[in-house]
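Worksheet: one structure, shown below.
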Amino acid sequence: MLTNHHQIFSISIKFLLEKSSFFSSFLFDSSFDHLQSITFEDIQSNTIIPILNNLFFLPKLYSLTIKTSIIKEEMNEIYRLIFVLPKLKYSRICLSNNFHSLTYSMVEKNELCSIVYLVLDHYCSLNELEFLISFTPKLRRLTAHKIETKNFNAKVSSIELNNLKSLYLNVFQTTFNQLEIFLSKINSNLNLLTIAGSNDIAYLDAYRWEHLILNSFPQLEKFYLIYNDQLNDEENSPIFSGKQNQFSSSFWIQRKWLFEVEIAYTDIQYTIRPFSKRWYHYPKYNIEHSTVTCLAFESIPEDTLSKQIEHVLIITQIYYLEILEKNISIFQMIQVINLLPDLTTLKIHSLSTDETSEFTVDEIFILCSMKETSQITKVFLEEINHMKELDFLFTLCPYMEYFRIEKMNFMDIQAFLRIFLKKINRFDNHHLRALCFEFSTADDLIIQNIQDTINSDKLLSHFTIKRLRNLIYLQWK
Numbered sequence: 301m302l303t304n305h306h307q308i309f310s311i312s313i314k315f316l317l318e319k320s321s322f323f324s325s326f327l328f329d330s331s332f333d334h335l336q337s338i339t340f341e342d343i344q345s346n347t348i349i350p351i352l353n354n355l356f357f358l359p360k361l362y363s364l365t366i367k368t369s370i371i372k373e374e375m376n377e378i379y380r381l382i383f384v385l386p387k388l389k390y391s392r393i394c395l396s397n398n399f400h401s402l403t404y405s406m407v408e409k410n411e412l413c414s415i416v417y418l419v420l421d422h423y424c425s426l427n428e429l430e431f432l433i434s435f436t437p438k439l440r441r442l443t444a445h446k447i448e449t450k451n452f453n454a455k456v457s458s459i460e461l462n463n464l465k466s467l468y469l470n471v472f473q474t475t476f477n478q479l480e481i482f483l484s485k486i487n488s489n490l491n492l493l494t495i496a497g498s499n500d501i502a503y504l505d506a507y508r509w510e511h512l513i514l515n516s517f518p519q520l521e522k523f524y525l526i527y528n529d530q531l532n533d534e535e536n537s538p539i540f541s542g543k544q545n546q547f548s549s550s551f552w553i554q555r556k557w558l559f560e561v562e563i564a565y566t567d568i569q570y571t572i573r574p575f576s577k578r579w580y581h582y583p584k585y586n587i588e589h590s591t592v593t594c595l596a597f598e599s600i601p602e603d604t605l606s607k608q609i610e611h612v613l614i615i616t617q618i619y620y621l622e623i624l625e626k627n628i629s630i631f632q633m634i635q636v637i638n639l640l641p642d643l644t645t646l647k648i649h650s651l652s653t654d655e656t657s658e659f660t661v662d663e664i665f666i667l668c669s670m671k672e673t674s675q676i677t678k679v680f681l682e683e684i685n686h687m688k689e690l691d692f693l694f695t696l697c698p699y700m701e702y703f704r705i706e707k708m709n710f711m712d713i714q715a716f717l718r719i720f721l722k723k724i725n726r727f728d729n730h731h732l733r734a735l736c737f738e739f740s741t742a743d744d745l746i747i748q749n750i751q752d753t754i755n756s757d758k759l760l761s762h763f764t765i766k767r768l769r770n771l772i773y774l775q776w777k
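Numbering (this note's numbering), first residue to last: 301 to 777.
In structure tokens form, the structure reads like this:
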């Protein structure tokens, strides 16, 4: 590294304790005239300040990353030396498991600070964040991973960041009220906002978000909200007191921002994200995104299922259920769906049909009552292992209109189609009019073979078949 300085474009250094004295005396000078990117990992307290002082003389340094857990100095001096680097565009400081406080005594603001992308991967408060970004007027992208705020006292009436386009804040220990005050002070042309929060159910108040966005970020194009809740005992689990289905108002529909829920064990994650096409968005089977609020289960909890669903239904109705767990039992399926009366769409990874016990009288009664009230019209079974799984789904979803399968493990497609279409007639299913399945080697010959099978066996009289890459769509009247 001591020769051919002008040929070096990027340096990544992992510091060892016994070698740190060498680096503290090592000189980065203008001979590194092509050096553009530097990463320091595990840098020592007695090394970082001397090295940062030397970086000022690098004429093309645009990226600086510092990853460490052993810095003892105040962060002020570190940020001061970073902010005066004349060509720097990107800066990331990652400090693990350390609380480093900033004081409000940095040198006067440098209007020429060139940083456009700043990443704070260390603990700081909204007060400290407000202080730091007052030195970076050219920011276009800001990411802060560990915002923890006990008391937010705004020091300024407004934060001028006219170039800011993207903002990500993980505010896991900050109230929504504190965040709301901070965001309302930012003057920018923000078009991407991502917020990750927890410990304050007010983050799910859609009306407050609507007011904040309309007044502070009217040009916002993409909005992501991740709110993590945890259902322990009822005393410690805050209950949402607002109106149900707030995220289904015209404000959210017009912007095509979707509200979703995912449950993993005792954790409940609520998400807002921009609309993207799902598996059921195919010709006439498109439906308004405002009515597809999705609840996804990583696995079905045995003890807390009803409480978790009750907790979710206070906030929103659920129309789309997705179960990621493999080989879910039919008993569990009945239990979950029975708690979600508004379901129209269902996606399951796979069903278990190896039950040794028979249905109880109560379970048969529940299944029969669900059959009468079912509103499910679209079903996606990712993996099918036995044809009797179809019997259950046809019984559970008698008004099914669209059925999709991703993987068949037990027979070829022609044999499957024969049985499938005959089952439709046997179950007297007049609603099902479309089938989609995945075939990894799908080509025009496969399509012709399917057509020949349907025609020769007189399985359907009026149908169309289309191929879109490895997906085959069969529709009939």
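By construction, the Cβ of each residue, glycine as well, lies at the ideal position given by its N, Cα and C atoms.
* To do: Just confirm the distance between the C-beta atoms of residue 438 and residue 456, as a whole number of angstroms; I'd bet it's less than 8 Å.
  => Not really, about 18 Å apart at Cβ, beyond 8 Å.
* In DSSP terms, what residue 557 is bridged to -> 574
* Neighbourhood of residue 402 by C-beta distance below 8 Å, restricted to the same chain and skipping five residues each side -> 374, 375, 376, 379, 424, 428, 431 and 432
* **Inside the region 605-629 only - beta strand (DSSP E) runs reaching at least 3 residues** => 620-623
* **Cβ shell of residue 606 (< 7 Å), same chain only, five flanking positions each side left out** => 639
* Asked: With burial defined as no fewer than 16 other Cβ atoms inside 10 Å of the residue's Cβ, what is the status of residue 626: buried or exposed?
  -> exposed
* **Cβ shell of residue 329 (< 6 Å), same chain only, five flanking positions each side left out** => 357
* Consult DSSP for residue 580 and reduce its assignment to one of helix, strand or coil. => coil
* Counted within 10 angstroms of its Cβ, other Cβ atoms place residue 565 as buried (16 or more) or exposed -> exposed
* **Delimiting residues of the alpha helix (DSSP H) encompassing residue 507** => 506-516
* To do: Give the DSSP-derived three-state secondary structure of residue 669 in the structure shown.
  => helix
* Asked: By how many angstroms is the C-alpha of residue 648 removed from the C-alpha of residue 656?
  -> Because residue 656 carries a pLDDT of 44, less than 50, the predicted location of this residue cannot be relied on, and no value is offered for it.
* To do: Quickly, what does DSSP pair residue 767 with across the bridge? List them, please.
  => 772
* To do: Assign residue 715 to one of two classes, buried (16 or more other C-beta atoms within 10 Å of its C-beta) or exposed (fewer than that).
  => exposed
* Helix, strand or coil at residue 632 according to DSSP, with G and I counted as helix -> helix
* Among 617, 717, 597 and 462, which has the Cα closest to the Cα of residue 623? -> 597
* Express the C-alpha separation of residue 570 and residue 390 in angstroms, rounding to a whole number. => 31 Å
* Asked: Taking C-alpha atoms, which residue in 634, 682 and 547 lies nearest to residue 592?
  -> 547
* With 16 as the cutoff for other CB atoms within 10 Å, does residue 614 come out buried or exposed? -> exposed
* Asked: For residue 529, which residues does DSSP report across the bridge?
  -> 568
* **Distance, residue 706 Cα to residue 731 Cα** => 21 Å
* **the region 331-339 in contact with the region 303-312 per 3-pair CB rule at 8 Å** => yes
* Near residue 472, what residues of its chain come up, given a Cβ to Cβ distance below 6 Å and the 5 sequence neighbours on each side ignored? -> 498
* To do: Identify every residue that forms a DSSP beta bridge with residue 448.
  => 473
* Taking residue 721 as the reference, give the member of 747, 690 and 699 with the closest Cα. => 690
* To do: Consult DSSP for residue 311 and reduce its assignment to one of helix, strand or coil.
  => strand
* Just the Cα atoms here: how many angstroms apart are residue 525 and residue 415? -> 26 Å
* Whole-angstrom Cβ separation of residue 368 and residue 395, contact assumed at under 8 Å? -> 6 Å
* Asked: What do you get for residue 670, buried or exposed, if any count of 16 or more other CB atoms within 10 angstroms of its CB means buried?
  -> buried
* Asked: Do residue 366 and residue 340 have their CB atoms nearer than 7 Å?
  -> yes
* **Whether residue 612 touches residue 646 by CB criterion (7 Å)** => no
* To do: Return the residue from the list 540, 604, 361 and 448 that minimises the CA-CA distance to residue 388.
  => 361
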